[in-house]
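Numbering (the UniProt record's numbering), first residue to last: 1 to 257. Virtual Cβ for every residue (Gly too), placed ideally from N, Cα, C.
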Amino acid sequence: MIEILTPDELDRARATGALVGDILHALKARASVGTNLLDIDRWAKQMIEDAGAESCYVDYAPSFGDGPFGHYICTAVNDAVLHGMPHDYTLADGDLLTLDLAVSLRGIAADAAISFIVGETRDPEDERLIETTERALAAGIAAARPGARIGDISRAIGTVLKAEGYPINMEFGGHGIGSTMHQDPHVANNGRPGRGYVLRPGLLLALEPWIMADTDELVTDADGWTLRSATGARTAHTEHTVAITETGAEILTLPTR
1 MIEILTPDEL DRARATGALV GDILHALKAR ASVGTNLLDI DRWAKQMIED AGAESCYVDY
61 APSFGDGPFG HYICTAVNDA VLHGMPHDYT LADGDLLTLD LAVSLRGIAA DAAISFIVGE
121 TRDPEDERLI ETTERALAAG IAAARPGARI GDISRAIGTV LKAEGYPINM EFGGHGIGST
181 MHQDPHVANN GRPGRGYVLR PGLLLALEPW IMADTDELVT DADGWTLRSA TGARTAHTEH
241 TVAITETGAE ILTLPTR
C-alpha cells in the first residue's frame, strides 16, 4: 500500500515527527556510561504515553521477527545494527549505540534513528561510520523531490556509502510510512536512477542508510530480532521521516529543542 497524505494528515505527520525527534534527542542526552538498555526502553515508554501517542513496536510481529517485539524502542549496540531488542545490558565507555524509534500519534506514524558514541572514548572509525550514514541520508533527502523516482534516492544514498568503501546490504532499507509504520515503496540503500515509483507531494518516506564496517551479511540473535554484522564489525544507522512537498523533501523528525 502506498498512501498519499492530505494536508490535514500531513499536519498530523509533522506533530508525530516532532515527537519522535524530541524523544530521541532526550534519550540521547540521558544515555551515558552506566545506563541500562532497559532503562532507555522504560524512558521511551513513559514519554510516548505522556504524549498520548502509541508505540509502533510493542505489538509489531512481521514475518522476519520472532513474535511481537514487546518493547518501545530499538537499542542496537556496537555490532548490532537493526531491530535491537532492549535487554539487560549496561552501556560502557566507547559503545556505539543506535536508537530507532517509531511512534503513531493521531493516526499517523513517524520513524527515525540516530547512532552515537557513549562516553568519552572516540574511535575514529566509529565516527566515520556514523558520519557516512548521516551524509548518505542528506544525499537521499536532497534527491527526494516531486517527479523524481525511488531509484534516484537509492542511487544518491548508495553513492555516498560506496565512496567510503562500505558494503551495502540490500535486505533492509527505507520505506513508505503513513497510517502504518511500514508501507510501500521500499527504498533500497543502493539502486539505479530513473527507476521505481514516481514521488508525489503528500508521500511520506522513512529513509535509513545503515552500514557495517566490513561486511554486508547479517546474523540474527537468539532473541529472534536483533540483527548484527556477521563479522562482529561495528555498525551505524541514521534515519529520518520526510514528506514530499511541491518543492522537495521536508524533514519531519528533527527535534524541536
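- What residues are listed by DSSP as bridge partners for Thr90? Your numbering for residue 90 matches position 90 in the sequence shown. According to DSSP, which records beta bridges pairwise, Thr90 is partnered with Asn36.
- Query: When you compare only the Cα positions, how much space is there between Asp123 and Ile153?
  - Reply: Position 123 of the sequence shown, counting from 1, holds the residue named residue 123. Position 153 of the sequence shown, counting from 1, holds the residue named residue 153. Near 30 Å, if we compare the C-alpha coordinates of Ile153 and Asp123.
- Message: With H, G and I counted as helix, E and B as strand and the rest as coil, what does DSSP make of His25?
- Response: Mapped onto the sequence shown, residue 25 falls at position 25. The answer is helix: DSSP assigns His25 an H, G or I state.
- Task: Over the uninterrupted beta strand (DSSP E) stretch that includes Val118, give me the two end residues.
- Result: By one-based count along the sequence shown, residue 118 stands at place 118. From DSSP, Val118 is part of no beta strand (DSSP E); its letter is neither H nor E.
- Message: Is the separation between the beta-carbon of Pro185 and that of Ile4 shorter than 9 Å?
- Response: Here residue 185 corresponds to residue number 185 of the sequence shown, with the count starting at 1. Here residue 4 corresponds to residue number 4 of the sequence shown, with the count starting at 1. No, the pair does not count as a contact, with Cβ atoms beyond the cut-off.
- Query: Using the beta-carbon count (16 or more within 10 Å), is Gln183 buried or exposed?
  - Reply: Locating residue 183 in the sequence shown gives position 183, where the first residue counts as 1. Classification of Gln183: buried, given that the 10 Å Cβ count is 16 or more.
- Distance, Cα to Cα, Ala138 vs Pro7? Taking the first residue of the sequence shown as 1, we reach residue 138 at position 138. Taking the first residue of the sequence shown as 1, we reach residue 7 at position 7. If you take the alpha carbons of Ala138 and Pro7, they lie about 25 Å apart.
- Query: By the 10 Å Cβ neighbour count, where 16 or more other Cβ atoms means buried, how is Asp111 classified, buried or exposed?
  - Reply: In the sequence shown, residue 111 corresponds to position 111, counting from 1. Looking at its Cβ environment, which holds 16 or more other Cβ atoms inside 10 Å, Asp111 is buried.
- Query: Considering only C-alpha positions, which residue in the set Ala51, Gly52, Glu49 and Tyr72 is nearest to Asp59?
  - Reply: Here residue 59 corresponds to residue number 59 of the sequence shown, with the count starting at 1. Checking every option, the nearest Cα to that of Asp59 belongs to Tyr72.
- Along the chain, where does the alpha helix (DSSP H) that runs through Ile150 open and close? The residue you call residue 150 lines up with position 150 of the sequence shown. Looking at the DSSP string, the run of the alpha helix (DSSP H) that includes Ile150 is Ile150 to Ala163.
- Start-to-end residues for the beta strand (DSSP E) that takes in Glu246: Against the sequence shown, residue 246 aligns to sequence position 246. Counting along the chain, Glu246 falls outside any beta strand (DSSP E), and DSSP gives it neither H nor E.
- Is Ile4 helix, strand or coil when you go by DSSP? As a first step, residue 4 is located in the sequence shown; it is residue number 4 there, counting from the start. Looking at Ile4 - three-state DSSP - the assignment turns out to be coil, as it is neither helix nor strand.
- Task: On a CA-only basis, which of Ile108, Asn190 and Phe116 is nearest Gly94? Give me that one, please.
- Result: Walking along the sequence shown from the start, residue 94 turns up at place 94. Per the Cα distances, Phe116.
- Please determine, among Thr245, Phe172 and Ile48, the residue with the shortest C-alpha to C-alpha distance to Leu199. Counting from 1 along the sequence shown, the entry for residue 199 is found at position 199. When only C-alpha atoms are compared, the closest one is Thr245.
- Item | Distance between Met85 and residue 258 (C-alpha atoms, nearest Å) | Residue numbering for the chain in the displayed model covers 1 to 257; residue 258 lies beyond these limits and cannot be assessed.
- Closest residue to Thr235 among Lys45, Asp126, Val219 and Gly174 (Cα-Cα distance): On the sequence shown, residue 235 is found 235 positions in, with the first residue counted as 1. Taking only the C-alpha atoms, the option nearest Thr235 is Asp126.
- Out of curiosity, what's the CA-to-CA distance linking Gly232 and Ala53? Residue 232 sits at position 232 when you count from the first residue of the sequence shown. Residue 53 sits at position 53 when you count from the first residue of the sequence shown. Taking the straight line from one Cα to the other gives about 36 Å.
- Message: Strictly by DSSP, which residues pair up with Val103?
- Response: On the sequence shown, position 103 is the one that residue 103 refers to. DSSP, once it has assigned bridges, lists Ser55 and Ala110 as partnering Val103.
- Measure from the C-beta of Arg30 to each C-beta in chain D and report whether the shortest distance is under 9 Å. As a matter of chain content, chain D is missing from the structure shown, which is built from one protein chain.
- Thinking C-beta only, is Ile177 closer than 9 Å to Ala206? Against the sequence shown, residue 206 aligns to sequence position 206. Against the sequence shown, residue 177 aligns to sequence position 177. Result yes, Cβ atoms of Ala206 and Ile177 sit closer than 9 Å.
- Message: Quick check on DSSP: helix, strand or coil for Thr231?
- Response: On the sequence shown, position 231 is the one that residue 231 refers to. Looking at Thr231 - three-state DSSP - the assignment turns out to be coil, as it is neither helix nor strand.
- In terms of alpha-carbon separation, which member of Val219, Gly119 and Gly34 lies closest to Phe64? In the sequence shown, the residue the question calls residue 64 occupies position 64. It is Val219 whose Cα lies nearest to the Cα of Phe64.
- Item | Straight-line Cα distance separating Gly107 from Ile130 | Sequence index remark: in the sequence shown, residue 130 carries index 130 (1-based). Sequence index remark: in the sequence shown, residue 107 carries index 107 (1-based). Taking the straight line joining both Cα atoms gives about 32 Å.
- Task: Can you give me the start and stop residues for the beta strand (DSSP E) that Met212 sits inside?
- Result: Residue mapping note: residue 212 aligns to position 212 of the sequence shown, counting from 1. Start and end: Trp210 to Met212.
- Message: Per the DSSP calculation, Ala206 is bridged to which residue(s)?
- Response: Position 206 of the sequence shown, counted from the first residue, corresponds to residue 206. Ala206 pairs with His175 and Thr241.
- Can you tell me which of Ser104, Ile114, Ser55 and Val103 puts its alpha carbon nearest to the alpha carbon of Leu82? The sequence position of residue 82 within the sequence shown is 82, counting from 1. Nearest of Ser104, Ile114, Ser55 and Val103 to Leu82, Cα basis: Ile114.
- What residues in its chain sit with their C-beta under 8 Å from that of Ala61, if we drop five residues either side in the sequence? Here residue 61 is taken as the residue at index 61 of the sequence shown, counted from 1. Here the set comprises Gly67, Pro68 and Phe69.
- Item | For Glu250, three-class secondary structure by DSSP | For the purposes of this step, residue 250 is taken as residue 250 along the sequence shown, with counting starting at 1. Note: Glu250 maps to strand in three-state DSSP.
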